[in-house]
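Novice: Note that the protein sequences, when read in sequence, are chains Z and U.
511 is the number that our numbering gives the last residue of the first sequence; the numbers go up by one with no jumps.
511 is the number that our numbering gives the last residue of the second sequence; the numbers go up by one with no jumps.
C-beta atoms are modelled at their ideal positions from N, C-alpha and C, and glycine is treated no differently.
Could you have a look at this structure, given as C-alpha cells, before my questions?
2 protein chains.
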Amino acid sequence: MQKNVVVAVDAMGGDNAPDAILAGVVDALAAYPNLEVKLCGLADVVEPFAAEHERCEAVACTQVIEMDEHPAQAFKAKPDSSIVVGCRLVKDGEADAFYSAGSTGACFTAGTMVIRRLKGVSRPALCTNVPCPSKTVVMCDVGANADCKPEYLVQFAQMASMYAELLMNVANPQVRLLNIGEEETKGSTFAQEAHALLKAEVPNFAGNCEGRDILAGTCDVVVTDGFTGNVALKTIEGVGSMLFGEIKRLFMASTKTKMAAAVLKPGFKELKDSVDPDTFGAAPILGLRGPVFIGHGSSSPLAVKNSLGLAVRSVEADLTGKISSALAEQAATSKGEA
Amino acid sequence: MQKNVVVAVDAMGGDNAPDAILAGVVDALAAYPNLEVKLCGLADVVEPFAAEHERCEAVACTQVIEMDEHPAQAFKAKPDSSIVVGCRLVKDGEADAFYSAGSTGACFTAGTMVIRRLKGVSRPALCTNVPCPSKTVVMCDVGANADCKPEYLVQFAQMASMYAELLMNVANPQVRLLNIGEEETKGSTFAQEAHALLKAEVPNFAGNCEGRDILAGTCDVVVTDGFTGNVALKTIEGVGSMLFGEIKRLFMASTKTKMAAAVLKPGFKELKDSVDPDTFGAAPILGLRGPVFIGHGSSSPLAVKNSLGLAVRSVEADLTGKISSALAEQAATSKGEA
Chain Z
174 MQKNVVVAVD
184 AMGGDNAPDA
194 ILAGVVDALA
204 AYPNLEVKLC
214 GLADVVEPFA
224 AEHERCEAVA
234 CTQVIEMDEH
244 PAQAFKAKPD
254 SSIVVGCRLV
264 KDGEADAFYS
274 AGSTGACFTA
284 GTMVIRRLKG
294 VSRPALCTNV
304 PCPSKTVVMC
314 DVGANADCKP
324 EYLVQFAQMA
334 SMYAELLMNV
344 ANPQVRLLNI
354 GEEETKGSTF
364 AQEAHALLKA
374 EVPNFAGNCE
384 GRDILAGTCD
394 VVVTDGFTGN
404 VALKTIEGVG
414 SMLFGEIKRL
424 FMASTKTKMA
434 AAVLKPGFKE
444 LKDSVDPDTF
454 GAAPILGLRG
464 PVFIGHGSSS
474 PLAVKNSLGL
484 AVRSVEADLT
494 GKISSALAEQ
504 AATSKGEA
Chain U
174 MQKNVVVAVD
184 AMGGDNAPDA
194 ILAGVVDALA
204 AYPNLEVKLC
214 GLADVVEPFA
224 AEHERCEAVA
234 CTQVIEMDEH
244 PAQAFKAKPD
254 SSIVVGCRLV
264 KDGEADAFYS
274 AGSTGACFTA
284 GTMVIRRLKG
294 VSRPALCTNV
304 PCPSKTVVMC
314 DVGANADCKP
324 EYLVQFAQMA
334 SMYAELLMNV
344 ANPQVRLLNI
354 GEEETKGSTF
364 AQEAHALLKA
374 EVPNFAGNCE
384 GRDILAGTCD
394 VVVTDGFTGN
404 VALKTIEGVG
414 SMLFGEIKRL
424 FMASTKTKMA
434 AAVLKPGFKE
444 LKDSVDPDTF
454 GAAPILGLRG
464 PVFIGHGSSS
474 PLAVKNSLGL
484 AVRSVEADLT
494 GKISSALAEQ
504 AATSKGEA
C-alpha cells in the first residue's frame, strides 16, 4: 500500500479563497487516494469542511495574511495565520508539504524562517513551469529574489534541473541563462558573471537564451534573477491573455465568424489550456527543508487540485532529499577542486 | 514646398540585405516625395541602384560590419563601414538621420562615438514601439544599456515621452516603471531607487507596471533598464510567434478547419499585422545629436519603408531639438530646486 502524503493546505489564500481552495481539495482528495489534507484557516471555514470530508483534518487559525501585506511584517505580526501555521506543520514533521495560493512573499518569508533552508542553500528560489504547448520549460527564479548575486544562479540551475527531472519527467535537462544575446560576452555585468560561473560549475549548462527562445522549444530549464524572471513570466501571461482576448473578439465579430469559430473551438480550447497556468497549478519554492508550493492568486479549483497532485508527487519522489544530496555532492566537488 | 529630408541608409545591414533594404528604399522614395537617400554600402551594391533611382545618391564604402562582430572592436577596425560612414554623414550635416537594420550594438557605438550625445544626456537609449493591437506603447531602454544606474531612467522617461508625443501622437503620455509589483516598495534595489527618482523628477510618472501590464492597454511609456527591456520585448515577440505558429497548425488540421479558417483569415491577418514589428519598422536611439533608427535584423521591405517614413517624420518634428530643450529645461529646474 502507498504511504499517505500529508499536505498542509492554506484555506484562506488567493483571490477566490476559501471557495476555490475547498472545491479543489474535494477534487484532489478524490483524485489522489493517498493524500491527507491538514486544512489551515479560520475555524468557521475549516472545521465544518473537515467534518464532512475523510482524510481531511481542520487546523484552526485565528489570523489571515492578506495579499497586499508586507511579507516580513505580516510574518511577525501574524504568527497564528494559516500561512505560518501551515509552514510550522511541515517544520514539526506533521505535514510533508505546504500549499498556499496566498501571498508569495509571505509564503517565501514563512518558508524560509520556519521550515528553513537546506544546508548550503544561499537563497531558496521560486521555480515554475512556463506555459508552453510543445514541451516542458521550467524557469527559476521567477520572483523570490529580486536582487541576486551571480553565484545564486548556480544553485538555481541545480535545484531547477532536479525539479524538471523528477517532477516534470525531463530527462537530462539542459540549463540556459536568460540573457540578451547568445554569445557569452553579451549582457549585463551580472549576466556575464553568471554565465562564467554556470559554465564552470554546471555540467548541463548549455549557454544563453533570449526572451524569444523561452517558448521556442529549445529550453528545458531557464535560470535568471528573480526580477528578470518575474518580468518574463508575467509578460508571457500578458501576451497570451491579450491575444486570446483579441481572438475572442474576432470570433464574435459576425454570424459568419461565429459559425467558423465553432469549428475551431475545440482546438483553441486545447491551445488555451496548454498555456494556462492552471494546468500545472503551483510553483515550488526550491531549497527549503520541506516542499512549499505556491499557487497563482487567481487559482481555480482545477489549479488547486493539480497543485496538490504536484505536492504529493514531490514528496513521493523525495525532491527535497535529492536536491539536498545534489547540492552536497556539488559542494564536495567544488571543495575537491579548490 | 516641403523641405527635403536626407536619410543616410545602410544598404548592407540585416539578414535580408541588401535586397530587402533596396526594395524598401524604392517603396519609401515613392511614398515620401521629400525623402532623399544617401545609400551607404559596397560600390557594386549602391552605385548601380543609385544610378537608376532619383533622389538617391551612392556613398561607396569598402567595409561591412557583420551582425556578430563585437561592436566596439568592429567600430575601431572598420572606419569605412556603411554604419560608421552613415553616422559620419549625420555628424557632418550631410544627412539629417541614419537608418540601419544591421548590428544594434555597432550602430549604438558608432552613433555615440561619431554623432555623439546631446548635451546633458548620460546614456543614449534604444526606444521601441511594443506590438500592441489596442494602443501605442513605447518602451525604453530595450537593449542599449544592459547595465544602468537608476538615474538614467529619468532621462529615458523624458526622451521616450517626447518620442511618444511627437512621433506616435500620444497626448500627455503617462510613464510607468517596469517592476515586479505595483507598490513602490516592490522590486529590486535598483527598481526601488529608480521609482523614487522618477516620482521626484518626472511629472508624468504614473507608478510601476508589471510584465502583464505592458500590453494590457494601461501603459503609454514603459521605462526600464536595457537588460530587462530587451528580455521583455523579445519575450513578447516569442510568445506571439509561438501562438501564431500553433494557430496556423490548428487552421491546417483538416478540411473542415481549413474552411473555417478561410472565413477568419482577414481578421487574423489584421491581428498578426498589428503585433508585427514590421508595422513600425525601426527603433530610434534617443539622446544623440541626430536621429538614428535601427531596424530589426529580419526587416522586410515594408519594415524598411516604414522606418524611413519614421525617420522623415522625426526630422520634420525636430525630435532631436525638442528632446534637447526638454532635458535642458529639466536640468535647469533640478538646479533651481537644489
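Using C-beta distances below 6 Å, list every residue in its chain close to U/P244, excluding the 5 sequence neighbours before and after it, in chain order.
Specialist: Closer than 6 Å at Cβ, skipping near neighbours: G278, A279, T282.
Novice: Report, in whole angstroms, the separation of the C-beta atoms of U/G187 and U/A196, which I expect to be a contact under 8 Å.
Specialist: Contact doesn't hold; Cβ gap of about 12 Å is too wide.
Novice: Whole angstroms is fine: what's the gap from U/E230's alpha carbon to U/C305's?
Specialist: 36 Å
Novice: Output needed in chain order: residues of the stretch 284-316 of chain U with a Cβ under 7 Å from some Cβ in chain Z.
Specialist: P306, G316
Novice: So that I know if they touch, is there some Cβ in chain U lying closer than 9 Å to that of Z/T282?
Specialist: no
Novice: With DSSP run on the structure shown, which of helix, strand or coil describes Z/M185?
Specialist: coil
Novice: Using CA coordinates, which residue listed in Z/K308, Z/I256, Z/T301, Z/R486 is at the minimum distance from Z/V287?
Specialist: Of the residues Z/K308, Z/I256, Z/T301, Z/R486, the one whose Cα lies closest to the Cα of Z/V287 is Z/I256.
Novice: According to the Cβ coordinates, are U/A317 and U/I458 closer than 9 Å?
Specialist: Taking the C-beta atoms as reference points, U/I458 is found nearer than 9 Å to U/A317.
Novice: Output the boundary residues of the beta strand (DSSP E) element that contains U/G293.
Specialist: Unbroken run through U/G293: none, as it is neither H nor E.
Novice: Quick one: what's Z/R462 bridged to in DSSP?
Specialist: Answer is none; Z/R462 lacks a bridge partner.
Novice: Does the distance from the C-beta atom of U/V182 to that of U/L212 stay below 9 Å?
Specialist: yes
Novice: Pull out every residue of the stretch 433-449 of chain Z whose Cβ sits closer than 9 Å to any Cβ of chain U, in chain order.
Specialist: A433, A434, A435, V436, L437, G440, F441, E443, L444, S447, V448
Novice: Look up U/L212 in the DSSP assignment and give the residues it is bridged to.
Specialist: DSSP lists U/V182, U/A231 as partners of U/L212.
Novice: Quick one: give me the first and last residue of the alpha helix (DSSP H) that U/R261 is part of.
Specialist: 255-264
Novice: Taking the alpha carbon of Z/A504 as the point to measure from, which residue in Z/F378, Z/G266, Z/L339, Z/V327 has its own alpha carbon closest?
Specialist: Z/V327
Novice: For U/V258 and U/V232, which I take to be in contact (beta-carbon distance under 8 Å), what is that distance rounded to the nearest angstrom?
Specialist: 6 Å
Novice: Does the distance from the C-beta atom of U/L351 to that of Z/V404 stay below 9 Å?
Specialist: Yes; because the gap between Cβ atoms is below 9 Å, this pair is in contact.
Novice: Do you know offhand how far U/G470's Cα is from U/R462's?
Specialist: 24 Å
Novice: Apply the 10 Å Cβ neighbour rule to Z/G293 and answer buried if 16 or more other Cβ atoms are within range, or exposed otherwise.
Specialist: Exposed: under 16 other Cβ atoms inside 10 Å.
Novice: With distances taken from CA atoms, which of U/S361, U/E410, U/T430, U/M432 is nearest U/D446?
Specialist: Taking only the C-alpha atoms, the option nearest U/D446 is U/E410.
Novice: Output yes if chain Z places a C-beta closer than 9 Å to the C-beta of U/K359; else output no.
Specialist: yes
Novice: If you follow the alpha helix (DSSP H) that Z/A373 is in, where does it begin and where does it stop?
Specialist: 362-374
Novice: So Z/F400 and U/T401 are in contact, right, with Cβ under 8 Å, and what is the actual spacing, rounded?
Specialist: 7 Å
Novice: For a cutoff of 9 Å on Cβ pairs, would you count U/D188 as touching chain Z?
Specialist: no
Novice: Which chain Z residues are close to U/A337, counting only those with a beta carbon under 8 Å from its beta carbon?
Specialist: Those do not exist, as U/A337 stays about 20 Å from chain Z at its closest Cβ, beyond 8 Å.
Novice: Whole alpha helix (DSSP H) runs in the stretch 316-404 of chain U with 4 or more residues, listed along the chain?
Specialist: 325-340, 362-374
Novice: What is the residue span of the alpha helix (DSSP H) that U/M432 lies within?
Specialist: 428-447
Novice: Use the C-beta contact count for U/V178: other C-beta atoms within 10 angstroms, 16 or more gives buried, fewer gives exposed.
Specialist: buried
Novice: Check the C-beta distance from Z/L500 over to Z/L340 and give it rounded, since I have them as a contact under 8 Å.
Specialist: Going by Cβ atoms, the distance from Z/L500 to Z/L340 rounds to 17 Å, so no, they are not a contact pair.
Novice: Compare the C-beta of U/S414 against all C-beta atoms of chain Z and say whether one is closer than 9 Å.
Specialist: yes
Novice: Taking just the CA atoms, how far does Z/Y272 sit from Z/G454?
Specialist: 11 Å
Novice: Select from the stretch 367-396 of chain U all residues with a C-beta closer than 8 Å to any C-beta belonging to chain Z, and list them in chain order.
Specialist: E383, G384, R385, D386, I387, L388, A389
Novice: Quick one: any contact between the stretch 330-344 of chain U and the stretch 378-394 of chain U, if contact means 3 or more CB pairs under 8 Å?
Specialist: Judged by Cβ distances under 8 Å, the stretch 330-344 of chain U makes contact with the stretch 378-394 of chain U, as three or more pairs qualify.
Novice: Anything in chain Z within Cβ reach of U/K322, meaning under 7 Å, just list it in chain order.
Specialist: None at all; the shortest Cβ gap to chain Z is about 12 Å.
Novice: Mapping DSSP to helix, strand and coil, what is Z/D491?
Specialist: coil
Novice: Is Z/M312 helix, strand or coil when you go by DSSP?
Specialist: strand
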